[in-house]
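Peer 1: Here it is, the structure, as structure tokens.
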Amino acid sequence: MNALPKKLIPLIVSTFLCTPFIQGQEDDLSDEIVTLSVFNVTSQSDRGYGTTHTLGATRVNSAIIDTPTPIITVNSEMIRDLKPQNNDEAIKYVAGTTGGHPPFFGNFSIRGTNTGTVYFDGLSIVQGGAYGLHDFANFERMEVIKGPNGTLYGSTSLGGLLNAVLKRPISAQTTEVELMYATDGPDGIVRLSVDHTGPASEDKKLLYRVIGVAQDGTRYNGGHNDRRNVTLALDYYATPETKLWTWLNWNNVNQMFGGQWRVDAGNNISTFLGNDFKFWENQDDVELLADEDRTYIEFGIEHAFDINESDWNLRLVSRYFDATKHQVATQVSGGLAFYDDQGNRLGTDREGFLFTDPRWTTINAISYNLNDRPEDYSTTGFYLDLVGDIEIGQTNHKLLTYAQYLDHSGHLTHFRWTHGPAGEVPYFPVGRPASILTDKRPFRDLEDDITFTNFGIQDNISAFDDRLIVVLGARYDSSTTDARNNISNTVTLDGFKVNEWTRKIGVVGRPFEDRNFTLFYSNSQTFNPVTQTDDQTGERFPNEQSEGDEFGIKFDLFDHRLVMTTSYFDYLTENLLKETPFFDENGEIFFSLAPVGTFSITGWEVDLAYQPIDNFSIMAGISDIESITASGVLERNIPDGFSFKTFAKYDFESGPLSNVSLGAGFEYLPRRPGDNGNSFFLPSQHSIDLMFAYQKEDWRFQINVVNVTDESNISGSASRAVIHAASPREARFTLSRRY
1 MNALPKKLIP
11 LIVSTFLCTP
21 FIQGQEDDLS
31 DEIVTLSVFN
41 VTSQSDRGYG
51 TTHTLGATRV
61 NSAIIDTPTP
71 IITVNSEMIR
81 DLKPQNNDEA
91 IKYVAGTTGG
101 HPPFFGNFSI
111 RGTNTGTVYF
121 DGLSIVQGGA
131 YGLHDFANFE
141 RMEVIKGPNG
151 TLYGSTSLGG
161 LLNAVLKRPI
171 SAQTTEVELM
181 YATDGPDGIV
191 RLSVDHTGPA
201 SEDKKLLYRV
211 IGVAQDGTRY
221 NGGHNDRRNV
231 TLALDYYATP
241 ETKLWTWLNW
251 NNVNQMFGGQ
261 WRVDAGNNIS
271 TFLGNDFKFW
281 ENQDDVELLA
291 DEDRTYIEFG
301 IEHAFDINES
311 DWNLRLVSRY
321 FDATKHQVAT
331 QVSGGLAFYD
341 DQGNRLGTDR
351 EGFLFTDPRW
361 TTINAISYNL
371 NDRPEDYSTT
381 GFYLDLVGDI
391 EIGQTNHKLL
401 TYAQYLDHSG
411 HLTHFRWTHG
421 PAGEVPYFPV
431 GRPASILTDK
441 RPFRDLEDDI
451 TFTNFGIQDN
461 ISAFDDRLIV
471 VLGARYDSST
481 TDARNNISNT
491 VTLDGFKVNE
501 WTRKIGVVGR
511 PFEDRNFTLF
521 YSNSQTFNPV
531 TQTDDQTGER
541 FPNEQSEGDE
551 FGIKFDLFDH
561 RLVMTTSYFD
571 YLTENLLKET
581 PFFDENGEIF
591 FSLAPVGTFS
601 ITGWEVDLAY
611 QPIDNFSIMA
621 GISDIESITA
631 SGVLERNIPD
641 GFSFKTFAKY
651 DFESGPLSNV
661 SLGAGFEYLP
671 RRPGDNGNSF
681 FLPSQHSIDL
691 MFAYQKEDWR
701 FQINVVNVTD
711 ESNISGSASR
721 AVIHAASPRE
731 ARFTLSRRY
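Numbering (this note's numbering), first residue to last: 1 to 739.
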């Protein structure tokens with residue numbers, strides 16, 4: 001914590017910027033809040049990109065300013081303006097977030113940790129699979145919940161998680177039809193979506209929503225980008241106190257994740273080869289392909305009741321998720337061979353030949369593997385939440401108790417071919433690689449069955465007329481795993497159990513009488529399960545334990561026009577396994593795993609959404625994060641230093657540009673480690689996005705241009721041989737009608 005004074009700078013600056021206005025704010029935010037279901041959030045109090053309430057931070061509808069956790073929401077207006085195609089595009093302008101590896105797969109990073117953890121309506125959806133493959137037509141908003149929130153979500157990412165709030169039926173009959181064309185890929189993308197909702201009965205007790213999506217297209221690397229999505233949601237209000245619902249979804253995604261670059265011996269990244277460069281002719285067959293079918297079923301009931309002058313809400317939810325995935329990937333395992341324009345071989349990258357050498361004109365892969373990974377998995381879950389609003393003396397308690405049970409089973413078969421010995425290998429011939437490779441063999445064949453059980457409690461205690469809020473939470477997680485390797489015919493885990501407690505302590509204080517400025521502090525935990533055992537004792541190593549402190553300031557000013565969070569955080573994960581030297585009884589040295597590693601994250605962030613006038617909205621994020629792994633090096637793909645991002649939109653209300661909206665976004669990221677050993681760094685990069693929209697009555701025409709200056713940016717990397725290009729310049733044209 002020695003860097004604390006330096007890290008306090010953004011907190012102090014934010015306070016001085018906003019304090020002159022605080023005493024002048026006479027609006028009581030509580031007067032603006034409409035009392036609704038404690039398990040639902042709405043956009044009624046949103047102003048522009050600013051959002052005042054959250055579901056994911058406490059798992060019930062809460063004012064963001066009253067929570068000791070930073071929550072940044074990408075609301076429905078911003079989703080409409082950005083037209084995101086995946087998770088990392090949706091949260092692009094949230095401080096401390098970056099895209100993950102591979103691109104388009106739903107992975108992303110939050111506050112120094114790479115993750116892909118996504119929840120639906122505050123509840124887990126599945127163990128395994130690609131979270132980013134769900135279609136954005138199903139989402140009302142996306143909540144970035146920062147920090148180790150293990151008391152609500154268990155073994156989550158240390159840096160945070162993403163909570164998707166699903167679209168629900170509404171009582172006003174509404175239809176929106178949208179047609180989009182995007183220039184991404186040689187054939188472009190054509191997408192049609194329909195969203196229809198309204199009452200199914202005259203008394204409006206039964207509401208419905210139907211969402212359909214059909215998308216065909218290609219990505220910039222020539223690969224597929226196809227989607228099919230069908231959603232049916234029903235809400236039935238049996239009584240004023242009881243609601244029943246179902247949410248049914250089928251989703252198919254057929255996507256290609258290519259654009260792979262490399263680093264040579266001189267640490268030159270081959271970005272100049274272009275986003276669509278191909279090391280082989282038949283790119284469509286050999287890049288990373290994911291074809292996945294998903295079925296998602298949810299049933300739920302919510303009931304409100306009173307006990308001794310206290311208000312209670314009970315929610316019972318059952319979920320079933322099933323997916324079948326077929327994934328094909330090619331790995332260039334043996335390096336590259338360089339040739340001049342006469343066809344003479346000049347050398348290989350493993351021999352030290354450089355991309356920057358001017359003599360070469362052609363590259364061939366020396367050897368590479370083809371991987372085929374069919375997979376199927378399913379998860380069944382049951383969730384029980386009980387929320388009470390209780391007055392005890394001079395304090396008010398919002399008490400959440402909950403229990404969850406999940407049963408997950410999965411089967412992964414991994415086939416591998418090897419094509420080409422060391423030395424010169426020609427391009428793949430035209431045709432499916434599997435048809436010319438004869439040594440196909442099962443590389444892995446794994447089955448697993450895991451049951452998860454957890455229960456927890458969290459109490460938000462308000463005192464002194466809500467001037468002080470104390471949050472206390474605890475949770476117990478237990479899981480049992482059975483796993484089998486069918487190739488070796490061995491049981492790898494037999495009833496393997498993981499048990500862990502996590503806790504949270506948070507404080508929110510209002511130094512002024514007005515309810516629009518709070519100070520917060522939290523100490524929170526999460527954990528990562530560990531399945532390895534000690535070679536010496538045979539006992540399982542302890543779980544990785546993550547704990548952190550965070551404090552900051554939150555503002556909700558000018559009738560919700562300025563919503564801002566500034567925070568400093570310091571997290572530490574212990575019990576990371578490392579190869580450690582030991583001595584036997586004869587004095588001979590040997591190496592064995594031991595839980596002696598640590599992983600630390602420190603930094604500060606500023607997130608704000610501001611609407612100074614009704615027709616101008618801005619969202620911005622600033623961060624400076626240091627993420628140090630157990631090896632003492634920086635975490636892969638995490639920006640090393642100051643980053644800045646912002647998106648602003650202006651709506652013209654009169655004059656020749658009446659009904660026109662113009663928006664622009666800018667993102668700057670500093671250098672990032674390209675691999676786990678920091679042997680090379682991805683260069684700093686920036687991108688500019690533009691948006692134009694024209695709205696006339698029910699109709700809206702919109703153009704989004706991503707990466708306007710066509711920068712050769714990098715989405716993320718895994719190693720020197722696996723670097724994924726970000727999208728080149730792309731234009732998205734959308735025509736929609738809402739009536």
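Glycine included, each C-beta is placed from N, C-alpha and C at the ideal position.
For the alpha helix (DSSP H) holding residue 80, just list the boundary residues, first then last.
Peer 2: Within the sequence shown, the letter at position 80 stands for residue 80. Start and end: 76-82.
Peer 1: Quick check on residue 89: does DSSP put it in helix, strand or coil?
Peer 2: As a first step, residue 89 is located in the sequence shown; it is residue number 89 there, counting from the start. Note: residue 89 maps to helix in three-state DSSP.
Peer 1: Who pairs with residue 414 in a beta bridge, going by DSSP?
Peer 2: As a working note, residue 414 is residue 414 in the sequence shown. In the DSSP output, where bridge partners are listed per residue, residue 414 has 444.
Peer 1: Can you list, in chain order, the residues of its chain with a C-beta nearer than 6 angstroms to that of residue 248? Leave out the 5 residues immediately preceding and following it.
Peer 2: Within the sequence shown, residue 248 is the residue found at index 248, counting from 1. If we look at residue 248 and ignore the five residues flanking it on each side, its Cβ neighbours are 232, 297.
Peer 1: Classify residue 220 as buried or exposed, calling it buried when 16 or more other Cβ atoms lie within 10 Å of its own Cβ.
Peer 2: In the sequence shown, residue 220 corresponds to position 220, counting from 1. Classification for residue 220: buried.
Peer 1: Identify, in the order they occur along the chain, each residue of the same chain with its Cβ nearer than 6 angstroms to the Cβ of residue 509, setting aside the five sequence neighbours on each side.
Peer 2: Position 509 of the sequence shown, counted from the start, is the residue given in the question as residue 509. So the list reads 468, 519, once near-sequence residues are dropped.
Peer 1: Assign residue 640 to one of two classes, buried (16 or more other C-beta atoms within 10 Å of its C-beta) or exposed (fewer than that).
Peer 2: Here residue 640 refers to the residue found at position 640 when the sequence shown is read from its first residue. Buried is the call here.
Peer 1: With 16 as the cutoff for other CB atoms within 10 Å, does residue 160 come out buried or exposed?
Peer 2: In the sequence shown, residue 160 corresponds to position 160, counting from 1. Buried, by the Cβ-count rule.
Peer 1: Apply the 10 Å Cβ neighbour rule to residue 495 and answer buried if 16 or more other Cβ atoms are within range, or exposed otherwise.
Peer 2: Here residue 495 refers to the residue found at position 495 when the sequence shown is read from its first residue. Result: exposed.
Peer 1: Tell me which same chain residues have a C-beta within less than 6 angstroms of the C-beta of residue 373, skipping the five on either side of it?
Peer 2: By 1-based counting over the sequence shown, the position of residue 373 is 373. These residues qualify, in order along the chain: 327, 414.
Peer 1: Which residues does DSSP list as the beta-bridge partners of residue 58?
Peer 2: Looking up residue 58 in the sequence shown gives position 58. BP columns for residue 58 are empty, so no partner.
Peer 1: How long is the line joining the alpha carbons of residue 739 and residue 191, rounded to whole angstroms?
Peer 2: In the sequence shown, the residue the question calls residue 739 occupies position 739. In the sequence shown, the residue the question calls residue 191 occupies position 191. C-alpha separation (whole angstroms): 20 angstroms.
Peer 1: Use the C-beta contact count for residue 727: other C-beta atoms within 10 angstroms, 16 or more gives buried, fewer gives exposed.
Peer 2: Taking the first residue of the sequence shown as 1, we reach residue 727 at position 727. It is buried - the Cβ of residue 727 has at least 16 other Cβ atoms within 10 Å.
Peer 1: In the DSSP assignment, find the unbroken beta strand (DSSP E) run with residue 236 in it and report its ends.
Peer 2: As a working note, residue 236 is residue 236 in the sequence shown. Where residue 236 is concerned, the enclosing beta strand (DSSP E) stretches over 225-239.
Peer 1: Between residue 90 and residue 585, what straight-line distance do the alpha-carbon atoms span, to the nearest angstrom?
Peer 2: In the sequence shown, counting from the first residue as 1, residue 90 sits at position 90. In the sequence shown, counting from the first residue as 1, residue 585 sits at position 585. Going from the Cα of residue 90 to the Cα of residue 585 covers about 57 angstroms.
Peer 1: Taking the C-alpha atoms as reference points, what is the distance between residue 162 and residue 607?
Peer 2: Within the sequence shown, residue 162 is the residue found at index 162, counting from 1. Within the sequence shown, residue 607 is the residue found at index 607, counting from 1. Those two C-alpha atoms are separated by around 16 angstroms.
Peer 1: Below 8 angstroms on the Cβ atoms is my guess for residue 354 versus residue 290; work out the distance and round it to an integer in Å.
Peer 2: Taking the first residue of the sequence shown as position 1, residue 354 is located at position 354. Taking the first residue of the sequence shown as position 1, residue 290 is located at position 290. Wrong, their Cβ atoms sit about 33 angstroms apart, outside the cutoff.
Peer 1: Confirm, please, whether the CB-CB distance from residue 110 to residue 97 is below 8 angstroms.
Peer 2: Translated into positions along the sequence shown, residue 97 becomes position 97. Translated into positions along the sequence shown, residue 110 becomes position 110. In this structure, residue 110 lies closer than 8 angstroms to residue 97 by Cβ.
Peer 1: Tell me, which residues are paired with residue 760 by DSSP?
Peer 2: No answer is possible for residue 760: the residues shown for the chain start at 1 and end at 739.
Peer 1: Considering only their Cβ atoms, is the gap separating residue 709 from residue 149 smaller than 8 angstroms?
Peer 2: The residue you call residue 149 lines up with position 149 of the sequence shown. The residue you call residue 709 lines up with position 709 of the sequence shown. No, Cβ-Cβ distance for residue 149 and residue 709 is not below 8 angstroms.
Peer 1: Is the CB-CB distance between residue 246 and residue 321 below 8 angstroms?
Peer 2: In the sequence shown, residue 246 corresponds to position 246, counting from 1. In the sequence shown, residue 321 corresponds to position 321, counting from 1. For residue 246 and residue 321, no; Cβs fall outside 8 angstroms.
Peer 1: Who are the Cβ neighbours of residue 394 in its own chain at under 7 angstroms, not counting the five residues just before and after it?
Peer 2: As a first step, residue 394 is located in the sequence shown; it is residue number 394 there, counting from the start. Here the set comprises 463.
Peer 1: For a test of the three-state rule: what should DSSP assign to residue 137, helix, strand or coil?
Peer 2: Locating residue 137 in the sequence shown gives position 137, where the first residue counts as 1. Helix at residue 137.
Peer 1: Using the C-alpha atoms, what's the distance from residue 562 back to residue 41?
Peer 2: The sequence position of residue 41 within the sequence shown is 41, counting from 1. The sequence position of residue 562 within the sequence shown is 562, counting from 1. When rounded, the distance between both Cα atoms is 19 angstroms.
Peer 1: Is DSSP giving residue 212 helix, strand or coil here?
Peer 2: In the sequence shown, residue 212 corresponds to position 212, counting from 1. If DSSP states are grouped into helix, strand and coil, residue 212 belongs with the strands.
Peer 1: Can you give me the C-alpha to C-alpha distance between residue 254 and residue 187, rounded to a whole angstrom?
Peer 2: For the purposes of this step, residue 254 is identified with residue 254 of the sequence shown, where counting begins at 1. For the purposes of this step, residue 187 is identified with residue 187 of the sequence shown, where counting begins at 1. C-alpha separation (whole angstroms): 15 angstroms.
Peer 1: Apart from the five residues on each side of it in sequence, which residues of its chain come closer than 6 angstroms, Cβ to Cβ, to residue 737?
Peer 2: If you number the sequence shown from 1, residue 737 lands on position 737. So the list reads 177, 698, 699, once near-sequence residues are dropped.
Peer 1: Taking the C-alpha atoms as reference points, what is the distance between residue 703 and residue 714?
Peer 2: To locate residue 703, count along the sequence shown from 1; it is residue 703. To locate residue 714, count along the sequence shown from 1; it is residue 714. If I take the Cα positions, the gap works out to 24 angstroms.
Peer 1: Report yes if the CB atom of residue 617 is closer than 8 angstroms to the CB atom of residue 649, and no otherwise.
Peer 2: Along the sequence shown, read from residue 1 onward, the residue named residue 617 stands at position 617. Along the sequence shown, read from residue 1 onward, the residue named residue 649 stands at position 649. Contact flag set, yes.
Peer 1: In chain order, which continuous runs of the beta strand (DSSP E) of length 3 or greater are located wholly inside the segment 150-194?
Peer 2: Taking only runs of at least 3 residues, the beta strand (DSSP E) segments lying wholly in the segment 150-194 are 160-166, 174-182.
Peer 1: What are the complete beta strand (DSSP E) segments, minimum 3 residues, inside the segment 463-503?
Peer 2: DSSP runs (the beta strand (DSSP E)) wholly in the segment 463-503: 468-485.
Peer 1: Let me check understanding here. Comparing Cα to Cα, which of 193, 234, 533 lies closest to residue 209?
Peer 2: Numbered from 1 along the sequence shown, position 209 holds the residue referred to as residue 209. The option with the nearest alpha carbon to residue 209 is 234.
Peer 1: List the residues that DSSP assigns as beta-bridge partners of residue 293.
Peer 2: Within the sequence shown, the letter at position 293 stands for residue 293. DSSP output for residue 293 lists 252, 324 as bridge partner(s).
Peer 1: Do you know how far the Cα of residue 566 is from the Cα of residue 95?
Peer 2: The residue given as residue 95 occupies position 95 in the sequence shown. The residue given as residue 566 occupies position 566 in the sequence shown. Their Cα atoms are separated by approximately 10 angstroms.
Peer 1: Out of 540, 575, 167, 530, which one is the CA nearest neighbour of residue 547?
Peer 2: By one-based count along the sequence shown, residue 547 stands at place 547. Taking only the C-alpha atoms, the option nearest residue 547 is 575.
Peer 1: Helix or strand or just coil, what does DSSP make of residue 270?
Peer 2: As a working note, residue 270 is residue 270 in the sequence shown. Looking at residue 270 - three-state DSSP - the assignment turns out to be helix.
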